[in-house]
């Protein structure tokens, strides 16, 4: 399957998507109600990834990773062919174990976010602790449509 995408970010549905707006929250709710779970997503990826010509990065909240075990989670996604992981709610202070396990499994970990309200000193710590890129949240609030955007 040819792809003109540079990368695909696939979100794992989660029951409490705090950073997401109403559209993604509703999609996650529908998906979970229809039985989507981590094992099913991994099974689907096992079939689809060999057909793609671009890397896939998973988007997951931290609790599902902790529940499965950080090392086990990283091994599973590596074995299926995932190359990156975005975890929007992992605290900077807890990044080292995730970074160690992702590095061991050759997964690029893009977990550290900065926002318009992030204090300068914390932003510097986030930037110095990041690999590849810093995930910049450009607006205050959850994702989704807006009637206006503040300057």
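Residue numbers (this note's numbering): 1 to 151.
Heads up, the beta-carbon is just placed ideally off N, CA and C, and yes, glycines get one too.
None of these values were measured; they are calculated from a predicted model.
Cβ neighbour criterion (16 or more within 10 Å) applied to residue i
{"i": "residue 69", "result": "exposed"}
{"i": "residue 126", "result": "buried"}
{"i": "residue 33", "result": "exposed"}
{"i": "residue 28", "result": "buried"}
{"i": "residue 25", "result": "buried"}
{"i": "residue 96", "result": "exposed"}
{"i": "residue 4", "result": "exposed"}
{"i": "residue 47", "result": "exposed"}
{"i": "residue 140", "result": "exposed"}
{"i": "residue 35", "result": "exposed"}
{"i": "residue 13", "result": "buried"}
Simplified DSSP state of residue i, which is helix, strand or coil
{"i": "residue 14", "result": "coil"}
{"i": "residue 57", "result": "strand"}
{"i": "residue 82", "result": "coil"}
{"i": "residue 119", "result": "coil"}
{"i": "residue 107", "result": "coil"}
{"i": "residue 52", "result": "coil"}
{"i": "residue 136", "result": "strand"}
Short Cβ contact (8 Å threshold) for residue i with residue j
{"i": "residue 129", "j": "residue 109", "result": "no"}
{"i": "residue 7", "j": "residue 57", "result": "yes"}
{"i": "residue 137", "j": "residue 120", "result": "no"}
{"i": "residue 23", "j": "residue 62", "result": "no"}
{"i": "residue 74", "j": "residue 107", "result": "yes"}
{"i": "residue 135", "j": "residue 82", "result": "no"}
{"i": "residue 71", "j": "residue 94", "result": "no"}
Heavy atom of the ligand SAM within 7 Å of residue i beta-carbon
{"i": "residue 77", "result": "The model on display carries no ligand, and the ligand SAM is accordingly not part of it."}
Segment limits, alpha helix (DSSP H) that includes residue i
{"i": "residue 156", "result": "Lying before the first or after the last residue shown, residue 156 is absent from the chain, which here runs from 1 to 151."}
{"i": "residue 4", "result": "Looking at the DSSP string, residue 4 is not in any alpha helix (DSSP H), and its letter there is neither H nor E."}
{"i": "residue 32", "result": "22-33"}
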